[in-house]
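**Q**
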Amino acid sequence: MTPGESEKFWREHGPLMQPPDGEGVTIDEVAGDLCFGLRVDEETLAEDLARASKAATAAVEPAIRDLEAEGSSSRQRVRDRPSSAQRLTQDPPTRSPTISAMLIDGAPLDHPAEALDDLLRVGLEAPDDLALVSADRSLTWGELEGESTRLAGGYLGLGLEPGDRVASLMPNRIDLVVHYLACFKAGLIVTPLNSATPFARSTMRSR
Amino acid sequence: MSGAKALVAHVERAEDVAASQLASGLECGVIAYGAGEVPDSVEGEWDQSFEALLDSDPLPADQPAADPSAPAAIFFTSGSTGPAKGVTHTRETLRWMIASAVAAFELDAGDVFLPGSSMSHIGSFLWTLSMLSAGGRVVVARSTDSHELLPLLREHQPTVLAMIPAALSALVRDHDLQPGDFASLRICRAGADKVSTELLTEFAAVAGFPIVEGYGMTEVGLATLNPPSGPIKQGSIGPPICGFSIAVRGEDGEPVEAGSVGRIWIRSRSRMAGYWDAPEATGEVVREEWLDSGDLARPDEDGYLWFFGRKKQVIVHDGSNVSPLEVEGALGEHPAVELAGVVGVHDTVHGENVRAYVTLREGAERPSSADLIVFCRERIGYKAPEEIVFLDEMPLNPTGKIDRVGLKRMAEDHLHPHGLD
Chain A
8 MTPGESEKFW
18 REHGPLMQPP
28 DGEGVTIDEV
38 AGDLCFGLRV
48 DEETLAEDLA
58 RASKAATAAV
68 EPAIRDLEAE
78 GSSSRQRVRD
88 RPSSAQRLTQ
98 DPPTRSPTIS
108 AMLIDGAPLD
118 HPAEALDDLL
128 RVGLEAPDDL
138 ALVSADRSLT
148 WGELEGESTR
158 LAGGYLGLGL
168 EPGDRVASLM
178 PNRIDLVVHY
188 LACFKAGLIV
198 TPLNSATPFA
208 RSTMRSR
Chain B
31 MSGAKALVAH
41 VERAEDVAAS
51 QLASGLECGV
61 IAYGAGEVPD
71 SVEGEWDQSF
81 EALLDSDPLP
91 ADQPAADPSA
101 PAAIFFTSGS
111 TGPAKGVTHT
121 RETLRWMIAS
131 AVAAFELDAG
141 DVFLPGSSMS
151 HIGSFLWTLS
161 MLSAGGRVVV
171 ARSTDSHELL
181 PLLREHQPTV
191 LAMIPAALSA
201 LVRDHDLQPG
211 DFASLRICRA
221 GADKVSTELL
231 TEFAAVAGFP
241 IVEGYGMTEV
251 GLATLNPPSG
261 PIKQGSIGPP
271 ICGFSIAVRG
281 EDGEPVEAGS
291 VGRIWIRSRS
301 RMAGYWDAPE
311 ATGEVVREEW
321 LDSGDLARPD
331 EDGYLWFFGR
341 KKQVIVHDGS
351 NVSPLEVEGA
361 LGEHPAVELA
371 GVVGVHDTVH
381 GENVRAYVTL
391 REGAERPSSA
401 DLIVFCRERI
411 GYKAPEEIVF
421 LDEMPLNPTG
431 KIDRVGLKRM
441 AEDHLHPHGL
451 D
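Protein chains in written order, with the working numbering: chain A, 8 to 214; chain B, 31 to 451.
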């Protein structure tokens, strides 16, 4: 996201949570707040964010400009590195160019993945093949699509609306994947809580 | 946006949820997962059954499409530094994150992916969605125990396995492991924590191919990976993957030379929108298009990165920077050591001393502290620990990484473990 997009995001998707007592927020409080009604203050948030963003940008602008300028030459060298048929190289490369500005680019990425509510598109070309397997059960692509679409309908039927957060406290199960996909379809925000530690202690301990 | 409204929870957690009084505040209640009985003590609070909701009428086909910039997921980081933060990803940042991971792992519809960690954290959440988006099969592991994983490896013949080092280490050393158990794999990725030389060696010996290391953060997803088709540099976290740029900068904000340690800055369209309700914390790490990871690495001439540790975990001993990872790596080479976690402890003379917490392998002959210190000195010289503390069990954080924050706290509580002072 560009800074402009980022500001727009927070403008549109604020307001955010205020800690109950105005002090620091712990995971306990955050997790709790996720599930309770929230006190919100849209304007303060937008202002804070704009201020922080402006200050941060001003502070590093010169460094970033330099970096971009110096980076272009090293970037080229990194791209030019020879591909090796040998998968495993432990010896240092024989070539040793000096890279003065360490900016390394991965290959460009032209497209994002499918939209989140259409993530199964490729798999659904073979709807009877297995998409998810585990020790106790499995689901085909067609079944996964059907279950997640029904669960999405079920969630909205409970009174949940797009943009609502749904916390989860779940071990790894095929149904956790169904849950994530259902939330994506229904426009709900998945909020996985940590399932591995005792819940009362890890998420609700007060400061 | 109104407050979040529902919680999906396994019935095993009913007592915990009740004790937290969380359930009573949910507008749409708790959705109970698992066909088991909800304990009487909390009956009434658990309004819905997940299984029943699966029989609902499907979402109408004319459901309006969600805005790409709308939030889609919030993950709480395990808080290895400071209080936990809610990393907020949008529908769009997740799509870029998934596309990058698909490209990096070279995933296609013929692959079978076994993510061997919690799907409630970004790692296996991302592996699962990436594999599905590429049309390949996902093997869901209910736990990371070898008892769960070995039958899954044998029955479902995954082509890709991704695990956290501590769990992978246990799997590789499991007595029931058979020679062919890794035969179907083309990639075994280990990450989220330092992979010891010992584990690299042991895995390569049983599997016949190397572990692929990478690096990622909840804030951006997977950012680097040794390319599965090579070249792989063992011990390196690899170069930036497709869609990612990385700059390594010194304290002054200037890029460092190859071979020098600097801070990892990341640029990617998969970057989070920000931390939930923490604009200041967001402002601390976000600079224009870049994210300051707070992690240190040494880039080499080929653009591969060598991880040096979290900036805040680096130990300053007599004015020299000591990476806990390097010390842990040296200890891990000792045949009796199972796991090692290294932290700095305050010392009036040296600034900080290096203290190592170690657990020993079952049945191994117990070395003395002096044995281990000498062993390390031979390998890493002055960076060798000054103190060794033996533990029965290594504390792991919820992600399964060695809990260095917990060890640090333990160290502060017991500054002088041997009572010498």
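Where is the CB? At the ideal position from N, CA and C, for every residue including glycine.
Which of helix, strand or coil does DSSP assign to residue 295/B?
**A** For the purposes of this step, residue 295/B is identified with residue 265 of the second sequence, where counting begins at 1. Three-state DSSP puts residue 295/B in a strand.
**Q** On a Cα-Cα basis, can you pick out the residue from 207/B, 136/B, 176/B and 224/B that is closest to residue 355/B?
**A** Locating residue 355/B in the second sequence gives position 325, counting from the first residue. Measuring from the Cα of residue 355/B, the nearest candidate turns out to be 224/B.
**Q** Nearest to residue 299/B by CA position, among 126/B, 49/B and 82/B, is which residue?
**A** Residue mapping note: residue 299/B aligns to position 269 of the second sequence, counting from 1. It is 126/B whose Cα lies nearest to the Cα of residue 299/B.
**Q** Would you kindly check if the distance between the Cβ of residue 406/B and the Cβ of residue 400/B is under 7 Å?
**A** By one-based count along the second sequence, residue 400/B stands at place 370. By one-based count along the second sequence, residue 406/B stands at place 376. It is not a contact, given that the beta carbons lie outside the stated cut-off.
**Q** Tell me, please, whether the stretch 187-196 of chain B touches the stretch 127-145 of chain B by the rule of three or more beta-carbon pairs shorter than 8 Å.
**A** Enough Cβ pairs lie closer than 8 Å, so yes.
**Q** Is the stretch 99-108 of chain B close to the stretch 74-89 of chain B, with three or more CB pairs under 8 Å?
**A** Cβ pair count under 8 Å is below three, so no.
**Q** Compile a chain-ordered list of the residues in the stretch 119-143 of chain A whose CB is closer than 9 Å to at least one CB of chain B.
**A** Answer set for the stretch 119-143 of chain A: 119, 120, 121, 122, 123, 124, 126, 127, 128, 129, 130, 131, 132, 133, 136, 137, 138, 139, 140, 141, 142 and 143.
**Q** Closer than 7 Å, CB to CB, is residue 311/B near chain A or not?
**A** Counted from its first residue, the second sequence places residue 311/B at position 281. Output row for residue 311/B: interface = no.
**Q** Using beta-carbon positions only, say whether residue 35/B and residue 171/A come within less than 7 Å of one another.
**A** By 1-based counting over the second sequence, the position of residue 35/B is 5. By 1-based counting over the first sequence, the position of residue 171/A is 164. In this structure, residue 171/A lies closer than 7 Å to residue 35/B by Cβ.
**Q** Checking the sheet assignment: what are the DSSP bridge partners for residue 101/B?
**A** Position 71 of the second sequence, counted from the first residue, corresponds to residue 101/B. Residue 101/B pairs with 120/B.
**Q** What did DSSP end up calling residue 155/B once you bin it into helix, strand or coil?
**A** Reading the second sequence from its first residue, position 125 is the one you call residue 155/B. Helix at residue 155/B.
**Q** Measure the CB-CB distance between residue 217/B and residue 163/B and report whether it falls below 7 Å.
**A** Translated into positions along the second sequence, residue 217/B becomes position 187. Translated into positions along the second sequence, residue 163/B becomes position 133. No; because the gap between Cβ atoms is not below 7 Å, this pair is not in contact.
**Q** From the DSSP output, in three-state form, read off residue 300/B for me.
**A** The residue given as residue 300/B occupies position 270 in the second sequence. Coil, per DSSP.
**Q** What number of angstroms, rounded off, separates the C-alpha of residue 386/B from the C-alpha of residue 363/B?
**A** For the purposes of this step, residue 386/B is taken as residue 356 along the second sequence, with counting starting at 1. For the purposes of this step, residue 363/B is taken as residue 333 along the second sequence, with counting starting at 1. Near 14 Å, if we compare the C-alpha coordinates of residue 363/B and residue 386/B.
**Q** Is there a C-beta anywhere in chain A that falls below 7 Å from the one on residue 162/B?
**A** As a first step, residue 162/B must be located in the second sequence, where it is residue number 132. Residue 162/B counts as touching chain A.
**Q** Kindly indicate if chain C contains any beta-carbon less than 7 Å away from that of residue 128/B.
**A** The structure shown contains no chain C; its protein chains are A and B.
**Q** What's the call for residue 378/B, buried or exposed, on a 16-neighbour Cβ count within 10 Å?
**A** Walking along the second sequence from the start, residue 378/B turns up at place 348. Result: exposed.
**Q** Using a Cβ-Cβ distance cut-off of 7 Å, determine whether residue 333/B contacts chain A.
**A** In the second sequence, counting from the first residue as 1, residue 333/B sits at position 303. Yes, residue 333/B counts as interfacial toward chain A.
**Q** Which residues bound the beta strand (DSSP E) around residue 406/B?
**A** What you label residue 406/B is simply residue 376 of the second sequence in a count that begins at 1. Taken as a continuous stretch (DSSP letters only), residue 406/B belongs to no beta strand (DSSP E), being part of the alpha helix (DSSP H) at 399-410.
**Q** Any C-beta of chain B sitting closer than 7 Å to the C-beta of residue 167/A?
**A** In the first sequence, the residue the question calls residue 167/A occupies position 160. Closer than 7 Å to some Cβ of chain B, the Cβ of residue 167/A qualifies, so yes.
**Q** Below 9 Å on C-beta distance, what does residue 78/B contact in chain A?
**A** Taking the second sequence and counting its residues from 1, one reaches residue 78/B at position 48. Those are 161 and 165, listed as they occur along chain A.
**Q** For the stretch 204-231 of chain B, enumerate the residues whose C-beta is nearer than 9 Å to any C-beta of chain A, in chain order.
**A** From the stretch 204-231 of chain B, no residue has a Cβ closer than 9 Å to chain A.
**Q** Do you know whose CA, among 381/B, 374/B, 367/B and 357/B, lies nearest residue 411/B's CA?
**A** Start at 1 with the first residue of the second sequence, and residue 411/B comes out as number 381. Answer by Cα proximity: 357/B.
**Q** Let's test the definition: count the other Cβ atoms within 10 Å of the Cβ of residue 238/B and tell me whether it reaches 16, buried, or not, exposed.
**A** In the second sequence, residue 238/B corresponds to position 208, counting from 1. By the 10 Å Cβ count, residue 238/B comes out exposed.
**Q** By how many angstroms is the C-alpha of residue 348/B removed from the C-alpha of residue 156/B?
**A** Here residue 156/B is taken as the residue at index 126 of the second sequence, counted from 1. Here residue 348/B is taken as the residue at index 318 of the second sequence, counted from 1. Roughly 42 Å separates the two Cα atoms.
**Q** For residue 147/A, which residues in chain B fall below 9 Å Cβ to Cβ?
**A** Residue 147/A sits at position 140 when you count from the first residue of the first sequence. Under the 9 Å cutoff, chain B gives no residues; its nearest Cβ is about 10 Å from residue 147/A.
**Q** Excluding the five sequence neighbours on either side, which residues of its own chain have a C-beta within less than 7 Å of the C-beta of residue 155/A, listed in chain order?
**A** Locating residue 155/A in the first sequence gives position 148, counting from the first residue. These residues qualify, in order along the chain: 185, 188, 189 and 192.
**Q** For residue 29/A, is the classification buried or exposed, using 16 other Cβ atoms within 10 angstroms of its Cβ as the cut-off for buried?
**A** What you label residue 29/A is simply residue 22 of the first sequence in a count that begins at 1. Unreliable placement is indicated for residue 29/A, whose pLDDT of 31 sits below 50; no coordinate value is reported for it.
**Q** Run down chain B in chain order and give the residues with a C-beta less than 9 Å from the C-beta of residue 154/A.
**A** Within the first sequence, numbered from 1, the residue matching residue 154/A stands at position 147. Within 9 Å Cβ-Cβ: 84.
**Q** Taking the continuous beta strand (DSSP E) assigned at residue 193/B, which residues delimit it?
**A** Sequence index remark: in the second sequence, residue 193/B carries index 163 (1-based). That run of the beta strand (DSSP E) goes 190-193.
**Q** May I ask you to verify whether the stretch 191-206 of chain B touches the stretch 155-164 of chain A, counting CB pairs closer than 8 Å and requiring at least 3?
**A** The answer is no - the stretch 155-164 of chain A does not touch the stretch 191-206 of chain B, with fewer than three Cβ pairs under 8 Å.
**Q** Helix, strand or coil for residue 125/B? Go by DSSP, reduced to three states.
**A** The sequence position of residue 125/B within the second sequence is 95, counting from 1. Of the three classes helix, strand and coil, the one that applies to residue 125/B here is helix, per DSSP.
**Q** With DSSP as the reference, label residue 40/B as helix, strand or coil.
**A** Locating residue 40/B in the second sequence gives position 10, counting from the first residue. Strand, per DSSP.
**Q** Could you tell me which chain A residues have their CB closer than 7 Å to the CB of residue 158/B, listed as they occur along the chain?
**A** Position 128 of the second sequence holds residue 158/B. Per Cβ cutoff of 7 Å: 184.
**Q** Ends of the beta strand (DSSP E) at residue 145/A?
**A** Start at 1 with the first residue of the first sequence, and residue 145/A comes out as number 138. Run containing residue 145/A: 145-147, per the beta strand (DSSP E) assignment.
**Q** Please specify which runs of the beta strand (DSSP E), each continuous and at least 3 residues long, are wholly inside the stretch 106-165 of chain A, giving them in chain order.
**A** With a minimum length of 3 residues, the continuous beta strand (DSSP E) runs that stay inside the stretch 106-165 of chain A are 110-112, 137-140 and 145-147.
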